[in-house]
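Participant: Starting off with a structure, shown below.
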Amino acid sequence: MSAEAKRRPADVLREARRKDSQVKRARVFARVDEMKAAGQAITCTSVARAAEVSVWLVYQPEIKQYIDRARNQQELAHDHSAEAGTVVSQGSLAVDLQLARSELKAVLKERDELRDALRRKLGQQLEESATEDVVVRVNTLEETLRRREEEFGVLQAERDRLQEELSELQDDLIASQDARRRLMQQVNRSQASE
592 MSAEAKRRPA DVLREARRKD SQVKRARVFA RVDEMKAAGQ AITCTSVARA AEVSVWLVYQ
652 PEIKQYIDRA RNQQELAHDH SAEAGTVVSQ GSLAVDLQLA RSELKAVLKE RDELRDALRR
712 KLGQQLEESA TEDVVVRVNT LEETLRRREE EFGVLQAERD RLQEELSELQ DDLIASQDAR
772 RRLMQQVNRS QASE
């Protein structure tokens, strides 16, 4: 027997859990590195969410130390860039936001104007289209409707006829069942009297 054949289910389960744990830990380390490179705020909760693992896992000593180191490196980089004057001020961000809002308003206004112009153009084209085409189309639709109503009337009449026929057949069935029951009673009586 090979070593593989001697493994118990518990060993297989333990090995699967170990592999799963390694995959999750590697995913956590990779997400921390990605967040650090992107300049995203690194917290245990944000790392757990990004790596799609439990918060409990990111508080394991080895992983927690890695997260703390990454957070410290981010803070040092931020301090150095602040000293070098490369950090954007709140006032500058507010001005950028205001400019973006005014640009957005202009774009929305232009969109609304274009939409209105398009509506007017389509309305004009509809008015200019030949009314004869509309009349022909309406007549065709009315003729189709008339034919459908006639077909509907025929189908209703057929349905009514079939319902009457069904009712008659049900009456016949009930009558034949009554006759059969009476006949069976007579046969039973005659057999009982013999």
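Residue numbers (my numbering): 592 to 785.
Each residue gets a CB set at the ideal place from its N, CA and C atoms; glycine is no exception.
These numbers come from a predicted model, not from an experiment.
1) Report the residue from Glu734, Arg711, Glu666, Ile658 whose alpha carbon sits nearest the alpha carbon of Cys635.
2) For Ser645, which three-state DSSP category applies?
3) Return helix, strand or coil for Thr634, following the three-state DSSP convention.
4) What three-state label does DSSP hand Lys597 in the structure shown?
5) What three-state label does DSSP hand Tyr650 in the structure shown?
6) For Ala661, I'd like the list of residues in its chain whose CB is within less than 6 angstroms of its CB, leaving aside the five on either flank, ordered along the chain.
7) Does the stretch 643–658 come into contact with the stretch 596–611, if we say contact requires no fewer than three beta-carbon pairs (one atom in each stretch) closer than 8 angstroms?
8) Just mark Val686 as buried or exposed, buried being the case when its beta carbon has 16 or more other beta carbons within 10 Å.
9) Taking 9 angstroms as the threshold (C-beta atoms), are Ala641 and Glu653 in contact?
10) Mind pulling the alpha helix (DSSP H) runs of 4 or more residues that sit fully within the stretch 713–785?
11) Return the Cβ separation of Val649 and Val698 in integer angstroms, given the expectation that the two are a contact with Cβ distance under 8 angstroms.
12) Give the straight-line distance between the Cα atoms of Gln651 and Glu694, rounded to the nearest whole angstrom.
Facilitator: With the structure as the only source:
1) Ile658
2) coil
3) coil
4) coil
5) coil
6) Excluding residues within five positions, the ones whose Cβ falls inside 6 angstroms are Val623, Lys627, Ile633.
7) no
8) exposed
9) no
10) 722–784
11) With 8 angstroms as the limit, Val649 and Val698 do not qualify as a contact, their Cβ atoms being about 42 angstroms apart.
12) 48 angstroms
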